[in-house]
Amino acid sequence: MRTLLLSVALTLGSASALTLSKPAVYTVPGADSHLAAFLPGGQVAVDADNAVMILDQNLKTVRAWYGLQGAVQALSASPDGTRVAALGRDRWVVWDARTGQEVRSGTPEYDTTLAFAADGALLMLNDGTLTRMDLQSGQTTDLLGDGEAYDVRVSADGTLAAVIYEDRVDLVALADAQAVASSAISDEWDGLEATFSPDAQAAVIRTGSETLILRGGAEPTEVEGGEDLSLDGSVVFLNDAQFLYAEYGEGQLFDAQTGEAIGETLELDSFDTLIGGPGGQVLSLGGSVGRLTLDALDAPARPQVKLPSGNTWTGAFIGGVPHAGLGEFINLKTGKGLNVGNRDRLYAAETQGGQVWTLNGSGAVNVYRAGKIVKLPALSSKVDFETLHTSPDGRYAALSGYEGLALLDGQTAKIVAQFTAAQLKVEDIHDALPTTDGKAVLVIPHEGNPLRLDVKTGKTQAAVKLPADASSDELQQSRGGTLAVAYSVDDAPFVALVKPGATTAFKTLKFTADVRALRFSPDGKLLAVLTNDAKNALHVFDTASGTLLTRAGQFSLRTNLLTWSDTGTQLMVGAGQVGQPGSVSVYDVKR
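Read in order, the letters of the sequence shown correspond to residues -17 to -1, 1 to 574 in mature numbering (1 follows the signal peptide of the UniProt record, and there is no 0).
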């Protein structure tokens, strides 16, 4: 799907006029889902990146909301199915499931979770206290916790809650807020996951260090091997007497009374999150949403759908056409994928000068240009390379991992040099960038100022001198040699602009939200900066003066994808816009 919006001029500063159009917004499949809430009639509410969607029995979309920024952190449905609530990083919302209208919303605390009580009131954990909110009046009352509760999970019928404290976990009847079961826990617990039995009389509790069965009026039961049941795995009750623990395509049955394992390990078709619901429903969540049945959990999910993504993390203008995806390059005009090489477990990709560099999980590096794929020689197996950055003309690429770095020449398809962290006399290497001429590599070490590594001699010196206690995050260099360094001091984000040959900034840009990406325009005259700002995440500066020319963008998700077209007339951000479906935004840039 493609949505085009009208153009509007945005100008700030005085260095030169700059106009950004309202973005063309494109959608690609592949949203990540990890939460589900079951509704009457076989419908289910699921998260899809920043969106909340209601799907029918056949997983067709009935309704969708796109008003949250960032991934959905909690999702719940009222017991009667008339309300759906979701929590994002900056906002919580309750909607009417039938009309789609917003019922109530607010700003969460840092530890907020949400659920519904049996009578439809909204339950929220705020600053260690579980509160009850009447959705009609908005009035709240404290239920339990007294500022000491760390996390809460509530049963789908709103009658029971699992509450974790510093040294114990309680099973609480919400009608009177009284604990009906309790257990001491290890002081090494990592979190809380609770899965309630179909009769809502018991719960399987995982803390990351132990697994317990709590049942009203009974002593807690330890689950056999429960220390190995991860918070990332899934628990699904097959009935009141048995439950399945699943993780990475393997499952183990357990007796819900004794906690003992039953039989051998099972092989499952799904490697993703499993969530059980009423009437034997089971959903498989992850990069797709699928339906399973309790009597055939080892069978493929049917039906199965990929939901619209709220972001992309790989993208480029190839032949002047925007391409983007989740580890792939989909032509946003036609929807067809383009093979640029290394599509399997793609770790990193960057495009400049009409060349697409890719790095995959095996350490293989390819360069795609003019419709051809060039494979570069194998790199040292002693380094797990994770980052890739190219020179402004796209000829050189620097790859780095904690243990070392490599400089590659895409024109000759050769490895120019490789260095270990020990050779550079640094603890770790966090990032690396080739200079415009390929004679040096700019390096971000574990601590201290960024370094300039002379490839021929192997000697290093300070590339830029930052303030004391600064922690640098990313480097970019323009065609003219101007260096941009993103760094922070006491969590305050900055970008230093450094002229060629200098080591101190001629201009320091300060931001109110963390910087995620820096990119100079192909001619080097503009610097685009992508931040976590909720209202104006995209900033464009004049490189020569550091003057802010424009800012825009209420993006649905945080993203690191920021790239220019070869002509400098378009700018791509790998996220959709708040309030509408979309995965990637493309701006026209006019100067």
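Even for Gly, the Cβ is constructed at its ideal location relative to N, Cα and C.
Computed from a prediction, not measured in an experiment: that's the story for all the values here.
Report buried or exposed for residue i, applying the criterion of at least 16 other Cβ atoms within 10 angstroms of its Cβ.
i    : result
I245 : exposed
P483 : exposed
R189 : buried
Q235 : buried
Q560 : buried
D367 : exposed
A520 : buried
H429 : exposed
A353 : exposed
P450 : exposed
R499 : buried
N543 : exposed
Q444 : exposed
S383 : buried
R328 : exposed
T295 : buried
Q338 : buried
Can you tell me which of the three DSSP states residue i falls into?
i           : result
Q406        : helix
L359        : coil
D278        : helix
D238        : strand
D392        : strand
G464        : coil
P261        : helix
G344        : coil
D255        : coil
R(-16)      : Its pLDDT being 41, under 50, R(-16) is placed unreliably by the model, and the measurement read from it follows with that caveat. Reduced to three states, the DSSP call for R(-16) is strand.
T(-7)       : Residue placement at T(-7) is flagged as unreliable, the pLDDT there being 40, under the threshold of 50; a coordinate-derived value is accordingly withheld.
E210        : helix
G270        : coil
P181        : coil
residue 633 : Look at the range of the chain in this structure, -17 to 574, and you will see that residue 633 is not part of it.
residue 594 : Residue 594 falls outside the range modelled here, since the chain spans only -17 to 574, and no answer is possible.
P23         : helix
K397        : strand
D30         : strand
K43         : coil
F226        : strand
F99         : strand
N325        : coil
R115        : strand
D79         : strand
When the distance is taken between beta carbons, is residue j closer than 8 Å to residue i?
i           : j    : result
I196        : A239 : yes
Y228        : L214 : no
G293        : S539 : yes
L390        : A405 : no
Y570        : L3   : yes
D32         : Q52  : no
A156        : T142 : yes
L251        : V29  : no
T297        : Q335 : no
T550        : A299 : no
residue 583 : T491 : As shown, the chain starts at -17 and ends at 574. That puts residue 583 outside it, with no answer to give.
F503        : Q553 : no
L362        : A19  : no
G111        : A307 : no
P12         : P291 : yes
L97         : A68  : yes
Y9          : S566 : yes
L108        : M116 : no
R462        : D516 : no
A347        : L388 : no
F237        : V206 : yes
When DSSP builds the beta bridges, which residues end up paired with residue i?
i    : result
P433 : The partner list for P433 (beta bridge, DSSP) is empty, contrary to what the question assumes.
L371 : L382
P476 : S471
I147 : D134 and V152
K518 : Beta-bridge pairing links K518 to no other residue.
K493 : F477
D15  : Answer is none; D15 lacks a bridge partner.
So, does the CB of residue i fall closer than 8 Å to a CB anywhere in chain D?
i   : result
N33 : The structure shown contains no chain D; it is built from a single protein chain.
Checklist line | Touching by the beta-carbon criterion (3+ pairs, under 8 Å), the region 375 to 382 and the region 413 to 422 | finding: yes
Check: Three or more C-beta pairs closer than 8 Å, one from the region 315 to 332 and one from the region 38 to 49: is that the case here?
Finding: no
Item checked: Cβ contact (3+ pairs, closer than 8 Å) linking the region 285 to 292 and the region 250 to 264 -> no
Next item on the list: Count the C-beta pairs between the region 61 to 79 and the region 17 to 28 that are closer than 8 Å, then say yes if the count reaches three, no if not.
Entry: yes
Next item on the list: Would you check if there are 3 or more beta carbon pairs closer than 8 Å linking the region 79 to 88 to the region 132 to 142?
Entry: no
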